[in-house]
Amino acid sequence: MSAVERATGSYAEAFRQSVEQPEQFWLEAAEAVDWDVAPTRALDSSSAPMYRWYPDATMNTCRNALDRHVAAGRGEQAALIYDSAMLGTTRTYSYAQLLDEVSRFAGVLTAQGISAGDRVIVYMPMIPEAAVAMLACARIGAVHSVVFGGFAAAELAARIDDAEPKALVTASGGLEPGRTIEYLPMVERALGLTDKAPAVVIVKDRPSIPGTAADVAGWLDWDAEVAAAAPADCVSVAATDPLYILYTSGTTGKPKGVVRDNGGHAVALTWSMRNLYDIGAGQVMWTASDVGWVVGHSYIVYGPLLAGATTVMYEGKPVGTPDAGAFWRVVQDHQVRALFTAPTAIRAIRKEDPDAKELANYDISSLTTLFAAGERLDPDTYEWAGRVLGVPVVDHWWQTETGWAICANLRGLEPMPIKAGSPTVPVPGYRVEILDGEGAPVEAGTEGNIVIALPMPPGTLAGLWRDEDRYVRSYLSTFDGYYLTGDSGYIDEDGYVFVLGRSDDVINVAGHRLSTGSMEAVVAEHPEVAECAVIGIRDELKGQRPSGYVVLKSGSEIDPEQLRKDLVAMVRDQIGAVATFRDVTVVQALPKTRSGKILRKTMRQIADHDEYTVPSTIEDPAVLDALAKLLGPGA
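Next up, the structure:
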């Protein structure tokens with residue numbers, strides 16, 4: 001019986017086999033993928049720590065995502081639903097229609113000389129053509145690198161410098177509440193900043209946004225090229241060949257190009273769709289993220305399509321498009337079974353509509369689970385969402401580098417009791433441990449560095465693009481035999497993992513190492529607090545001290561001094577006087593990345609009056625400006 005067929009078995013048995021018999025476990029999981037040449041072995045350890053999965057196999061990811069479902073007679077099933085709250089329109093692509101679109105755009109790329117191994121930059125908003133471009137690259141064996149639509153020209157240029165693409169695919173722009181973002185001027189500037197500019201630029205015209213391919217001599221119009229193209233067939237590639245490069249911020253300022261392979265990626269995501277998300281063929285999954293992030297790669301585009309499910313691509317916000325009922329409208333309209341979003345989105349909805357009055361306008365009975373990831377799901381937000389939605393709220397934890405969940409409550413394998421604040425247990429294949437600063441294991445309940453024993457499972461990063469030394473230095477050199485997640489936390493007596501925050505969010509107060517994540521969890525419990533961040537700032541006497549920043553719920557009239565007294569008492573009661581938590585600042589909003597992560601490091605630099613740069617990933621620079629005025633010198 002294969003691992004997929006055994007999906008109703010116990011978590012303990014699946015995890016045990018993945019650890020004790022990984023070769024057998026992952027070869028059985030690979031049976032759910034269509035191979036051109038099937039693997040006879042799962043793992044190649046000969047180049048450790050650069051492990052490779054399914055080294056003797058060949059396949060094509062696009063064929064697994066599209067062609068095989070059409071061949072199985074399910075071509076008329078919905079594959080992708082595009083829902084634009086910005087335009088007030090929806091469009092549904094069947095598997096047969098999406099296959100036709102992808103095949104034709106793959107033909108456009110091949111006509112321009114793009115072939116297996118060539119890189120293609122995709123700089124697109126949340127429109128179907130973004131997914132089409134990604135799948136078309138996969139179809140011909142080209143390596144796509146999606147850059148978040150709207151990133152500044154310098155950031156786009158840095159990624160072009162590193163990937164050295166032969167083509168760049170873009171659109172005239174993106175839509176956000178109250179504004180449009182014109183992409184083409186930024187593309188022009190980026191190409192002027194690099195000596196690695198691609199010869200081919202293809203533009204999808206969006207009539208509501210200024211700018212077309214005709215603006216620059218030699219640029220190609222998407223629609224005209226597709227109309228004239230001959231469809232391209234799938235190209236068989238090695239399972240170990242790269243599928244995509246996805247850049248994540250690096251501490252040196254140079255972005256790190258995380259490389260994902262074809263074979264391991266297809267196996268891992270296919271396994272996760274059934275065992276983790278409990279989604280199968282014909283069911284609807286909506287991941288409310290962006291294709292520019294890893295979540296969008298894994299669970300807007302590839303995961304649902306590999307499973308033969310229906311995926312929703314949403315162009316809009318959780319609030320303001322038009323109101324705090326936007327998410328519930330999408331769930332109702334498309335009969336969404338599983339919704340995956342960042343806790344930030346839930347907090348935004350709660351802040352706008354604390355009593356969930358908008359929810360009464362919609363029928364969300366199709367929804368069975370709300371999944372959250374991207375940042376810590378605080379217990380208060382977890383409890384609110386579970387109460388108003390009436391479905392399990394499942395936190396799970398993963399990273400751009402891993403590509404899929406490290407820890408989760410596996411809804412299709414064996415749902416486990418949920419503990420607020422924990423993403424539950426390690427997913428089969430991930431051997432998660434907690435080590436102290438010297439690399440020694442710690443006792444249950446003791447905080448330390450969260451690490452993953454090597455080798456990690458399929459689907460995790462195969463390395464960094466053309467920089468093996470940096471990969472080893474960044475992730476593998478701190479503790480021999482382990483991947484360093486960069487997060488701190490603990491594992492309790494039941495085996496549940498608790499992620500408290502980045503390791504650099506552990507502060508030293510008068511010699512005591514304290515987690516700001518733990519303090520945030522306490523602050524978030526206050527009934528008037530919608531969102532919060534706690535950072536460590538310099539203190540002449542104690543070295544560092546914690547400082548809290550709080551966004552209040554809509555309509556809150558609590559006196560700031562009373563709030564401060566409440567929070568100081570709560571932290572003292574739950575963490576202790578040693579935390580010396582005294583500073584509380586009420587702010588209108590917290591500065592965040594576009595994926596919803598709070599910019600704690602930048603906040604810390606502002607509070608310490610250090611030099612800082614505005615991160616390229618920032619959602620709203622005005623929020624950071626307001627904080628700088630509040631906390632800056634002379635404030």
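Using UniProt numbering, the first residue of the sequence shown is number 1, and each one after it goes up by one. The beta-carbon is built from N, C-alpha and C at its ideal position, and this holds for glycine as well.
Taking 8 angstroms as the upper bound for CB-CB distance, Ala85 and Ala326 are in contact here, some 6 angstroms apart. The three-state secondary structure of His609, taken from DSSP, is coil.
Taking C-beta atoms under 8 angstroms as the contact rule, Arg411 and Lys256 fail to qualify, at a distance of about 31 angstroms. In the DSSP assignment, Gln332 falls within the alpha helix (DSSP H) that extends over Ala326 to His334.
A straight-line Cα-Cα distance of about 38 angstroms links Val70 and Ser47. When beta bridges are read from the DSSP output, Phe340 appears opposite Thr287 and Phe371. In the structure shown, the three-state DSSP call for Arg52 is strand. Distance from the Cα of Val336 is smallest, within the candidate group Pro343, Arg347 and Leu370, for Leu370. Taking every protein chain shown into account, the CB of Asn361 has fewer than 16 other CB atoms within 10 angstroms, so this residue is exposed. DSSP places Pro426 in the strand class (E or B) of the three-state scheme.
For Leu630, the enclosing alpha helix (DSSP H) begins and ends at Pro621 to Leu631. In this model, Thr270 and Val201 are separated by some 33 angstroms (Cα to Cα). Counting only the Cα atoms, Gly282 lies some 26 angstroms from Ala106. The three-state reading of DSSP puts Val187 in helix, counting H, G and I together. Spatial neighbours of Gln605 in its own chain (CB-CB distance under 6 angstroms, excluding positions within 5 residues in sequence) are listed in chain order as Tyr612.
When DSSP states are grouped into helix, strand and coil, Thr602 belongs to the helix group. Taking 8 angstroms as the upper bound for CB-CB distance, Val33 and Val267 are in contact here, some 6 angstroms apart. In this model, His526 and Asp539 are separated by some 26 angstroms (Cα to Cα). Comparing alpha carbon positions, the residue from Pro49, Ser18, Ala239 and Phe25 closest to Glu468 is Pro49. DSSP, read as helix, strand or coil, puts Pro546 in strand. When the Cα atoms are used, Ala345 and Val37 turn out to be separated by approximately 43 angstroms.
Burial check for Gly596: the Cβ neighbour count within 10 Å reaches 16 or more, so the residue is buried. Here the alpha carbon of Asp56 sits roughly 48 angstroms from the alpha carbon of Asp380. Tyr496 is positioned such that its CB atom lies closer than 8 angstroms to that of Ser422. CA-to-CA, the gap between Phe15 and Pro458 works out to about 14 angstroms. Considering only Ala158, Val568, Val237 and Tyr475, the residue with the shortest C-alpha distance to Asn64 is Val237.
Ser474: not part of any alpha helix (DSSP H); DSSP gives it neither H nor E.
Residue pairing from DSSP leaves Ala227 without any beta-bridge partner. The three-state reading of DSSP puts Tyr496 in coil, since its state is none of H, G, I, E or B. Taking 3 residues as the shortest admissible run, the region 352-396 contains the following complete beta strand (DSSP E) segments, listed from N- to C-terminal end: 369-372 and 393-395.
Here Gln21 is exposed, its C-beta having fewer than 16 other C-beta atoms within 10 Å. DSSP places Ala79 in the uninterrupted beta strand (DSSP E) bounded by Ala78 to Ser84. Your pair Val587 and Tyr549 checks out as a contact, with CB atoms roughly 5 angstroms apart and the cut at 8 angstroms. With fewer than 16 other Cβ atoms inside 10 Å of its own Cβ, Gly117 counts as exposed.
Between the alpha carbons of Ser172 and Ile181 lies a gap of roughly 9 angstroms.
Judged by DSSP in its simplified three-state form, Met124 adopts coil rather than helix or strand.
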